[in-house]
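Below you'll find the structure, written out as structure tokens, and then a few comments.
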Amino acid sequence: MSRRGNLSEFSGLSRRAVLKAAGASAVLATAGLPMRAFAADPLKVAAVYTVPVEQQWVSRIHKAANAAKERGDIEYVYSENTSNNDYERVMREYCEAGHKLILGEVFGVEDAARAVARDYPDVAFLMGSSFKPDDAVSNFSPFDNYIQDASYLSGIIAGAMTKSKNIGMVGGYPIPEVNRLMHAFMAGVKESAPDAKFQVAFIGSWFDPPKAKETAFAQIDGGADLLYAERFGVSDAAKERGVLAVGNVIDTQADYPETVVASALWHFEPTLDKAIADVKGGSFKAEDYGVYSFMKNGGCTLAPLGTFEGKVPADVMAKVTEKEKAIKDGSFTVEIDDSEPKSN
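Under mature numbering (1 follows the signal peptide of the UniProt record, and there is no 0), the residues of the sequence shown are numbered -39 to -1, 1 to 305, in order.
Structure representation (structure tokens):
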């Protein structure tokens, strides 16, 4: 399903809601936030999460925020497991409490979140969204985990490690932030195993490990000997059945030392640190912060192989190193494909 439709079309399947920002406050006429510079004072930051902070995607935001807090750059509070119905209320409460930067993922509450931003022009909003910035809401900047570079590299390794050339892939929802990583992974696999086949499934949830595990079992029964673990629960299935897995967003190699052969890591620090500097400098404006997740900007890496160091063929790792260098110097670009991946 395309993500460009009416809000009602997306309320059930995806976290996306089509944005039609209506009007703008007169105080937002300038490009930057009309706020004072905060200099060396710790910036008051609040985050609103719809899932537990242990969940892969949110955990990376939470980690970066805690790192900034430990440096003394920010004060940090957060709410987790916030329902979409409560999201706007919680955002407003944090604004009223004097927080100057609000973080979160507003994929299911786009319209409401941007309405809050219009009502609080002196507050900066850095929100997970696959929609673009809107100058009419100049204090609202979207980001997303564009870690296709690292996903591609993990695919090169996966293609070399599968024996059956049958790979299972379990995702949450077929939305851009998931689709682009799956496509990049599949492209990497094809570098090492051009004849590889993929079983692609989506569980309709961001956090349902039992369902993800059950889906993964079905793919193993269908011949998969390596699984792409976009959701929690997949690596557990791989471990129980003695097949391999490739991780996404976080590094779980230590938890699954005989199972997780590689992982694409998302580093939110470049995104958040840029926003903190902009807010403190009074220059925060509506712009796409997704670019700070690219490998060339330090936003993603391939995790250390851990126990699989030396088990991946040397020529494959040489190709990974070569491609990584090309990605960083701009001579090779991993395609960004937001369309829904299909089994073949």
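Glycine included, C-beta positions come from ideal geometry on N, C-alpha and C.
For the segment 170 to 237, the continuous alpha helix (DSSP H) assignments of 4+ residues that do not extend past its boundaries occur at 170 to 182, 195 to 202, in sequence order. With a 10 Å radius around the Cβ and a threshold of 16 neighbouring Cβ atoms, S44 comes out exposed. The beta-bridge partner set that DSSP reports for G65 consists of V9, M88. A direct Cα-Cα distance of roughly 8 Å separates E71 from S90. One thing to note: K24 has its Cβ within 9 Å of the Cβ of F229. The Cβ atoms of F245 and S102 lie closer than 9 Å to each other. Spatial neighbours of R53 in its own chain (CB-CB distance under 7 Å, excluding positions within 5 residues in sequence) are listed in chain order as V77. If you draw a straight line from the Cα of T123 to the Cα of M130, it comes to about 13 Å. The count of Cβ pairs closer than 8 Å, one atom from the segment 79 to 90 and one from the segment 146 to 155, stays below three, leaving the stretches out of contact. Residues Y81, V84 of the same chain have their beta carbon placed closer than 6 Å to that of C56, with the five preceding and five following residues left out of the count. Around Y39, the same chain offers A8 as residues with beta carbons nearer than 6 Å, after the five sequence neighbours per side are excluded. Fewer than three Cβ pairs drawn from the segment 171 to 190 and the segment 27 to 39 lie within less than 8 Å of each other, which leaves the two stretches out of contact. For the options V240, E41, D2, the alpha carbon positioned closest to that of V14 is the one of E41. The three-state reading of DSSP puts Q16 in coil, since its state is none of H, G, I, E or B.
Between L263 and L226, the C-beta gap is smaller than 9 Å, which places the two residues in contact. C-alpha of V195 to C-alpha of F293: approximately 31 Å in a straight line. Around the beta carbon of E138, a 10 Å sphere encloses 16 or more other beta carbons of the protein chains shown; the residue is thus reported as buried. For the 9 Å CB-CB criterion, S153 and G203 do not form a contact.
Runs of the beta strand (DSSP E) lying entirely within the segment 75 to 155, each at least 3 residues long, are 85 to 89, 101 to 104, 127 to 132 in chain order. In this structure, T232 places its C-beta atom within 9 Å of the C-beta atom of F104.
Within its own chain, the residues whose Cβ lies closer than 6 Å to the Cβ of A198, once the five positions on either side in sequence are excluded, are K174, A177, F178, listed in chain order.
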